[in-house]
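595 is the number that UniProt numbering gives to position 595 of the sequence shown; each next residue is one higher, with no gaps.
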Amino acid sequence: MNAKLLFLIPLLPLIGAGINILFGMRFPRAARGWIAVAAVSASFVASCLLWPLSSGEGTRTVLATWLASGNLRADFGILFDPLAASMTLMVTGVSTLIHLYAVGYMEKEQDTARFFALLNLFVFAMLTIVLADNLLLLFLGWEGVGFCSYGLIGFWYRELKNARAGQKAFLVTRVGDVFFAIALLWLFSASGQLGIPEINAFAGQLPAAAITAIVLLLLAGASGKSAQLPLMTWLPDAMAGPTPVSALIHAATMVTAGVYLLCRLFPLVSLSATGMTAIALVGGLTAFYAATCALAQREIKRVLAYSTMSQIGYMFIAVGAGSVSGAMFHLYTHAFFKALLFMGAGCVIHLCHEENDIYKMGGVAKKSPLVTILFLAGLLCLAGAPLTGGFFSKDGILVAAYAAGGNGLRLAWALGTLSALLTSFYSFRLFFLVFTGPPRSPGKPHPLPTLMRWTLPPLALLGLFGGLFNLPSVWGGHELLHRLLTGSEAKPLVDHATELALTVTAVCLFALGLFAAVGLYRSFPGERPAWYKHFLLHGWQADRLVEWSLLKPFRAIARFCGLGLDQTVIEGTLHGLAGVTQKQGDRTRQLATGRISTYLHGFAWGLVLMLGWFLLEMVKG
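Below you can see the structure in the form of structure tokens.
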């Protein structure tokens, strides 16, 4: 099998984007979406057919040299190993379903050529991250997903809040990108290499302090893309984009890029115990922070946005605990059920006459039993209901964190466990407010396009039964994903009694959250204002904190530099000098009267002054 065929995987979505960019406006509206679907589905088929190339150490192939100068060499190269291959299958498979859903969702939109071109370009950029064999090419894809998120989140840019949401996502993630760029340059300076396998192999020769610093820089870069503390404020506002964009960002692209980066560079990351602890703590704190915020949200997609932030936190905990297979397992199951939930949320919004406020919904179960069942399947996975994919992947992470030991990892485990309880509660809060009781908003439901309905069942099945991909041995499984990624059998992290106790704890927390939600939201509670609800609704006032600590001082410095220094000092000095020069010129010009008598007087006075000066010098001598 020709290894060069691997380049078809990222190039097919790029070709689809190019066709829509160049010719999309000339095609019928429906054709634009199907071009995008064909490009991504063909990429998925290519990923399946080329899977054998990932066996063993995988396949590495180069298409052409991108940059070559001195020691710097960056190729358009692909590294197709088990980690990249499994991630590629997930990205292309889930993206295909999201593209199909988008065809139905956007059927009444006019500017679909731009939308589907950006959607294809988004998938291309994510595949570049996944398949890149060197950090510079990976960074190109890294910036590509940032650009596409800006265009897609602000797609309805005629509303100012949508445009600002796109700008916010672009700028906040750029902060993390700066740290990633510094780490990239540092690694190249130290090793003279950009290839990912070469850097991982060289990492052991770096000083311990340098490794820790680089890992912390990588953590900051990953936190920006994956919306982890403190660079998390952009994700809830990203809900301003169309629902397919939300599904793509949260399930198959962008927010998973940070987790993938840490897993791809894990041989380097694992060399720093301090860095690993920091990754786990960032994940644990973010999981708890986002879970508390989700408790008070009123917009259906913002609840899901905070849940994404929280679930990505679990993946960071897994990386910090040293379980790459655990992080990737939860990444895959989360991709399935989170795509299902966002696409289901789009159906719910249609059924509720474009209403987003869950306090104004209700009664959706009567409007569409199919959507209700499928959405509930996604919520069960999110809440960690026993035997669902989300249960097995989340439980595996908590077991790994508990087994890792150390104060930092135990704190991350405690935060993850508490977050699991909160997740169960807010998941069923969402279900009862949206689907049960009588409808609380007027208006007839919009009819659901067929593609919006029938793209959900495959995701529901994958989410519910995704645990089979890495079923732990305590449940009779063989942890297939772990064997695929590491090439070795999984060793028990704790004894069976401890693992059973942790599993029972997880089941009890799920049940406790469920019963609490039943007690509080089985019937609509109405409006119950409270100070903590406002605090949680606004994400612990994180935006206000950023405003007061960073933006206002920055604006004050900018005003001082612009008005105080530039206009007052610099321009004032220049204008003052110009004024003085002009006045002196005016006075000098008055001497040029054109009268001979005036010139003779000037000559005479000059002669007198010169004679006086000579006499003074003679007296001194």
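C-beta atoms are modelled at their ideal positions from N, C-alpha and C, and glycine is treated no differently. Quick caveat, the model's predicted, so the values are computed rather than measured.
- Around the Cβ of Asn407, a 10 Å sphere holds fewer than 16 other Cβ atoms; the residue is exposed.
- Note that the C-beta distance between Ala113 and Gly24 is below 8 Å.
- Beta-bridge analysis with DSSP links Gly77 to Val62.
- Distances from the CA of Thr253 to each of Gly564, Val91, Asp111, Phe179 were compared; the closest alpha carbon is that of Val91.
- Around the beta-carbon of Pro525, fewer than 16 other beta-carbon atoms lie within 10 Å, marking it exposed.
- Boundaries cannot be given for Gln110, as no alpha helix (DSSP H) includes it and DSSP labels it neither H nor E.
- About 52 Å separates the beta carbons of Tyr105 and Pro207, which is beyond the 8 Å limit, so they are not a contact pair.
- Using a 10 angstroms sphere on the CB of His330, the tally of other CB atoms reaches 16 or more, which defines it as buried.
- Residue environment for Thr573: exposed (fewer than 16 other C-beta atoms within 10 angstroms of its C-beta).
- Ala490 sits in coil when the DSSP states are folded into three classes, being neither helix nor strand.
- Judged by pairs of C-beta atoms under 8 Å, the stretch 386 to 405 touches the stretch 463 to 474, as three or more such pairs exist.
- Contact between Gly513 and Ala412 is ruled out by a C-beta separation of about 20 Å, above the 8 Å threshold.
- Rounded to the nearest whole angstrom, the CA to CA distance from Leu340 to Gly562 is 50 Å.
- Under the three-state reduction of DSSP, Ser43 is assigned to helix.
- Contact between Ile78 and Phe7 holds: CB atoms are separated by about 7 Å, below the 8 Å threshold.
- Within the DSSP secondary-structure output, Leu140 pairs in no beta bridge.
- Using a Cβ distance threshold of 8 Å, Ala335 and Phe425 do not count as a contacting pair.
- Distance check between Ala220 and each of Met232, Ala209, Ala210 places Met232 closest, using alpha-carbon atoms only.
- No beta strand (DSSP E) of 3 residues or more sits fully in the stretch 424 to 471.
- In the structure shown, Asp357 falls within a strand segment according to DSSP collapsed to helix, strand and coil.
- Ala84: member of the alpha helix (DSSP H) spanning 82 to 105, first to last residue.
- Put simply, the backbone Cα of Thr417 is about 35 Å away from that of Pro197.
- Ala412 sits in a helix when the DSSP states are folded into three classes.
- Around the C-beta of Lys552, fewer than 16 other C-beta atoms lie within 10 Å, and the residue is accordingly described as exposed.
- For Glu159, no pairing in a beta bridge is given by DSSP.
- Selection Leu118, Phe76, Asn71, Leu49 evaluated against Gly18 yields Leu118 as nearest (Cα-Cα).
- Nearest to Cys352 by alpha-carbon distance, out of Phe124, Leu121, Val40, His446, is His446.
- In its chain, beyond the 5 residues on either side, Leu262, Ile279, Ala327 have a beta carbon closer than 6 Å to the beta carbon of Val319.
- Contact check for Arg440 against Lys360 passes: the beta carbons are separated by less than 8 Å.
- Separation of the CB atoms of Gly313 and Ala290 is rounded to 7 Å, and the pair is thereby assigned contact status at 8 Å.
- One thing to note: Ser419 has its Cβ within 8 Å of the Cβ of Phe288.
- DSSP, reduced to helix, strand and coil, places Leu67 within a strand of the structure shown.
- Membership of Met276 in the alpha helix (DSSP H) is indicated by the continuous run 273 to 294.
- A residue is called buried when at least 16 other Cβ atoms come within 10 angstroms of its Cβ; Lys168 meets this threshold and is buried.
- The Cβ atoms of Gly362 and Leu456 do not sit closer than 8 Å to each other.
- Using a Cβ distance threshold of 8 Å, Leu187 and Leu135 count as a contacting pair.
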